[in-house]
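Comments concern the structure below.
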Amino acid sequence: TTLNSHNLPILNYLQLSAEHGVLYKNAIRAPHWNINAHSIMYVTRGNARVQIVDHSGQQIFNDQVMEGQLVVVPQNYAVIKRASNEGFEWIAFKTNDNAMTNQLAGRVSTLRALPEEVLMNSFRISRDEARRVKFNREEATVFSPSSRSHQERP
């Protein structure tokens, strides 16, 4: 669930937006990055493995986070979250009143939009490998071991 200046206009003056997310047991939030905002994530329930990499692919964070902890994700850094057996819930405050994210995997990923030739040349992979990169996942933003591994609450 996302709250921004479109559905709460006062956030325009504060230059903030917020999101609330829930991952069920062992679900994975697809790798993504914030295009125009830093994100401050506060864990409200459960725990998860969180990994963050910078623009050059250098890992800057790879650890288990649990209830009560805070993690800062800089703008343009990729992040992935994998819930533990007990699930994971968080709220995140973003430094833009209309924060936007891009997916790195799944049905709506940035990579899926690229021509196969671009992937082949960029990553030095075969055409078959480029197709697998583009079309290996049909889920949009959450990869789950079962069909009920993710839920967004209002």
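For any residue, its number in the working numbering is found by taking its place in the sequence shown, counting from 1, and adding 369. Don't be surprised by glycine CBs; every beta carbon is placed ideally from N, CA and C.
Cross-strand partners of residue i (DSSP beta bridge)
i, result
"G390", "W459"
"A452", "A417"
"L372", "A387"
Inter-residue Cα distance where the pair is residue i and residue j
i, j, result
"L436", "R496", "Per the sequence presented here, residue 436 reads as Glu, with Leu not at that position. Cα to Cα, E436 sits roughly 43 Å from R496."
"Q384", "N465", "5 Å"
"G456", "I404", "27 Å"
"N376", "S408", "19 Å"
"R501", "L488", "11 Å"
"E458", "A396", "11 Å"
"V440", "Q428", "14 Å"
"F462", "A482", "28 Å"
"N431", "M410", "15 Å"
"A387", "H424", "23 Å"
"Q438", "V391", "16 Å"
"V412", "I379", "25 Å"
Cβ shell of residue i (< 7 Å), same chain only, five flanking positions each side left out
i, result
"R517", "Note that R517 scores a pLDDT of 41, beneath 50, so its modelled location is shaky; the value from the coordinates is reported in the next line. If we look at R517 and ignore the five residues flanking it on each side, its Cβ neighbours are Y393."
"N525", "Any property of residue 525 remains undetermined from this structure, which presents the chain solely from 370 to 523."
Endpoints, the alpha helix (DSSP H) within which residue i is located
i, result
"Y446", "Per DSSP, Y446 belongs to no alpha helix (DSSP H) and is neither H nor E."
"I379", "379-383"
Delimiting residues of the beta strand (DSSP E) encompassing residue i
i, result
"G415", "408-422"
"Q433", "428-435"
"A399", "397-403"
Own chain partners of residue i with C-beta closer than 6 Å, once the 5 adjacent residues on each side are dropped
i, result
"V448", "I421, V442"
"N381", "S374, D466"
"M469", "I404, N405"
Own chain residues within Cβ distance below 8 Å of residue i, not counting five before or after
i, result
"G426", "none"
"E485", "R496, A499, R500, K503"
>> When you compare the segment 440-453 with the segment 413-420, are there three or more beta-carbon pairs, one atom per stretch, that lie closer than 8 Å?
In response: yes
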